[in-house]
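Input: a single structure, listed below in C-alpha cells.
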Ligand SMILES: O=C(O)CCC(=O)C(=O)O
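Residue numbers (our numbering): 1 to 276.
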C-alpha cells in the first residue's frame, strides 16, 4: 500500500496535485475494470453515455454507485484512498462523497474540458479532494489528466458549465445555473499556464484538490480503452453548501445537516478514515 512522504504532502499543498505510483494493488484494478465493463453494459441511474452500445468513440461516465455496486463500496471502505486523501489534505478525517467512473473508448473525440470540481458539488472548504485511479494506461499526449499547477490557491470559484455545451447532456439540467466567472480558455493559451500531468499505469493515482483547474483529452488510441475511477473525499473543513447548479445526487432534503455545517450525515457522507 502506498503511503505519502513529506515531499508528497508538501507538493500537494503547494501544487494542488500529486501522482502516487502503485497507489493500489492490481486486485483493486481488476475488480474495478470488471465494474466498468458491467456499467458500460448496464448503465446506472447517473450515467452519461455519449454513444450507447458503441465500441469506439464513446465517452461514458457513471457515478454514485457506492451504495449499490459492492466492489465500489469495498474500494471506498477498504482501499488506501481515504487515508491517502486525509494525509494529503492534512486532515484528521476523510469522509466519502461519491465515486465517478470515466471511460473513453478507443477513438473517443470528446475531451473533458478544463474545469474546477468544487462549483459542481454542494460543498465548500479547502479540504476537498479527488483520487483519480488509472484502471488502464494513459499518456499526457493521449487522455491522461493535466492540471494548472497551484491554481487551487487562486481563490477562484468558476462557473460550473455543462461539458461540450450540449443541451441534451444529462447534466445540463443542473449545471450552468451558477453565475460565477467562466473558466478561461486555457487550451488556447497553454503557454500562459504552468501545466503539469503524468503518464500513468494501472494502479497509479492522481490526487488533486477540488479547487485546481484540470482537464483530459479524448482517447486517440484506436485500439485501447481508457478507464479511470475518481473518488471524492471531504476533509475536516468541508461544509455542506447546497446551491443552484450543484450535482443533484445528494439533495438538501436527503441529508440531516444544514447549510454551513460539517457533513456529518454518515448515511450519505460516511467517515471512512480513521476507521472505527
Ligand atoms: O478522466 C477524465 O477524463 C477527467 C476526470 C476528472 O475531471 C475528474 O475526475 O475530476
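Each residue gets a CB set at the ideal place from its N, CA and C atoms; glycine is no exception.
A quick note: this is a predicted structure, and the numbers were derived from the prediction, not measured.
Determine the burial state of residue 1: buried for a count of at least 16 other Cβ atoms within 10 Å of its Cβ, exposed for fewer.
Sequence index remark: in the chain shown, residue 1 carries index 1 (1-based). Caution applies to residue 1, whose pLDDT of 47 falls short of 50 and renders its modelled position unreliable; the value that the coordinates give is listed next. It is exposed - the Cβ of residue 1 has fewer than 16 other Cβ atoms within 10 Å.
Any heavy atom of ligand 1 closer than 7 angstroms to the beta-carbon of residue 25?
The sequence position of residue 25 within the chain shown is 25, counting from 1. Distances taken from the Cβ of residue 25 to the heavy atoms of ligand 1 include none shorter than 7 angstroms.
Please check the pair residue 229 and residue 84, which I expect to be a contact at CB under 8 angstroms, by giving their CB distance rounded to whole angstroms.
Translated into positions along the chain shown, residue 229 becomes position 229. Translated into positions along the chain shown, residue 84 becomes position 84. Rounded, the Cβ-Cβ distance is 14 angstroms, inconsistent with contact.
Among 8, 65, 37 and 18, whose alpha-carbon lies nearest the alpha-carbon of residue 231?
As a working mapping, residue 231 is identified with position 231 in the chain shown. Out of 8, 65, 37 and 18, 65 has the C-alpha closest to the C-alpha of residue 231.
Does any residue of chain C have a CB that is nearer than 8 angstroms to the CB of residue 139?
The structure shown contains no chain C, having only a single protein chain.
Helix, strand or coil: how does DSSP classify residue 73 here?
The residue given as residue 73 occupies position 73 in the chain shown. Correct three-state label for residue 73: helix.
Out of 203, 252, 97 and 262, which has the shortest C-alpha to C-alpha gap to residue 26?
Looking up residue 26 in the chain shown gives position 26. Out of 203, 252, 97 and 262, the CA that lies nearest to the CA of residue 26 is found in 203.
Pick from 144, 130 and 161: whose alpha carbon is nearest that of residue 136?
Here residue 136 is taken as the residue at index 136 of the chain shown, counted from 1. Taking only the C-alpha atoms, the option nearest residue 136 is 144.
Report, in whole angstroms, the separation of the C-beta atoms of residue 212 and residue 146, which I expect to be a contact under 8 angstroms.
In the chain shown, residue 212 corresponds to position 212, counting from 1. In the chain shown, residue 146 corresponds to position 146, counting from 1. That pair is no contact at about 10 angstroms.
Candidates 153, 35 and 61: closest to residue 15 by CA position:
Start at 1 with the first residue of the chain shown, and residue 15 comes out as number 15. Measuring C-alpha to C-alpha distances from residue 15 to each of 153, 35 and 61 identifies 153 as the nearest.
For a minimum of 4 consecutive residues, which ranges assigned as the alpha helix (DSSP H) are wholly contained in the segment 5–73?
Note on the segment 5–73: whole alpha helix (DSSP H) runs with a minimum of 4 residues are 6–15 and 26–41, in chain order.
Leaving aside the five residues before and after residue 120 along the sequence, list all residues of the same chain whose C-beta is less than 6 angstroms from its C-beta, in chain order.
As a working mapping, residue 120 is identified with position 120 in the chain shown. Result list for residue 120: 160 and 247, in chain order.
Closest by C-alpha distance to residue 68, when choosing among 39, 49, 81 and 78:
One-based indexing of the chain shown puts residue 68 at position 68. Nearest of 39, 49, 81 and 78 to residue 68, Cα basis: 39.
Quick one: is the Cβ of residue 241 within less than 7 angstroms of any heavy atom of ligand 1?
Here residue 241 refers to the residue found at position 241 when the chain shown is read from its first residue. No; taking the cut-off as 7 angstroms, the Cβ of residue 241 has no heavy atom of ligand 1 nearer than that.
Check whether the segment 100–119 touches the segment 259–274, taking contact to mean three or more Cβ pairs, one atom from each stretch, closer than 8 angstroms.
Between the segment 100–119 and the segment 259–274 there are fewer than three inter-stretch CB-CB distances shorter than 8 angstroms, so the stretches are not counted as touching.
Between residue 259 and residue 242, how many whole angstroms is the CB-CB distance? I'm expecting something under 8 angstroms.
What you label residue 259 is simply residue 259 of the chain shown in a count that begins at 1. What you label residue 242 is simply residue 242 of the chain shown in a count that begins at 1. Rounded, the Cβ-Cβ distance is 6 angstroms, consistent with contact.
Checking the sheet assignment: what are the DSSP bridge partners for residue 232?
Counted from its first residue, the chain shown places residue 232 at position 232. Per DSSP, 130.
Complete runs of the beta strand (DSSP E) confined to the segment 183–246 [at least 3 residues]
List check, beta strand (DSSP E) in window: 195–197, 205–209, 214–216 and 226–234.
Below 6 angstroms from a heavy atom of ligand 1 - residues by beta-carbon
Shown in chain order are the residues whose CB sits closer than 6 angstroms to a heavy atom of ligand 1: 100, 102, 112, 117, 130, 132, 145, 214, 216, 228 and 230.
Closest residue to residue 250 among 122, 115, 113 and 21 (Cα-Cα distance):
Within the chain shown, the letter at position 250 stands for residue 250. Closest in alpha carbon position to residue 250, among 122, 115, 113 and 21, is 122.
First through last residue of the beta strand (DSSP E) which encompasses residue 102
Start at 1 with the first residue of the chain shown, and residue 102 comes out as number 102. Residue 102 -> beta strand (DSSP E) spans 94–104.
Mind checking whether residue 128 and residue 235 have CB atoms under 8 angstroms apart?
Residue mapping note: residue 128 aligns to position 128 of the chain shown, counting from 1. Residue mapping note: residue 235 aligns to position 235 of the chain shown, counting from 1. Going by C-beta atoms, residue 128 is nearer than 8 angstroms to residue 235.
Under three-state DSSP, which class holds residue 275?
Translated into the one-based positions of the chain shown, residue 275 becomes position 275. Residue state, collapsed to three classes: coil.
Measuring alpha carbon to alpha carbon, tell me which of 109, 150 and 21 ends up nearest residue 60.
By one-based count along the chain shown, residue 60 stands at place 60. Residue 60 has its Cα closest to that of 109, out of 109, 150 and 21.
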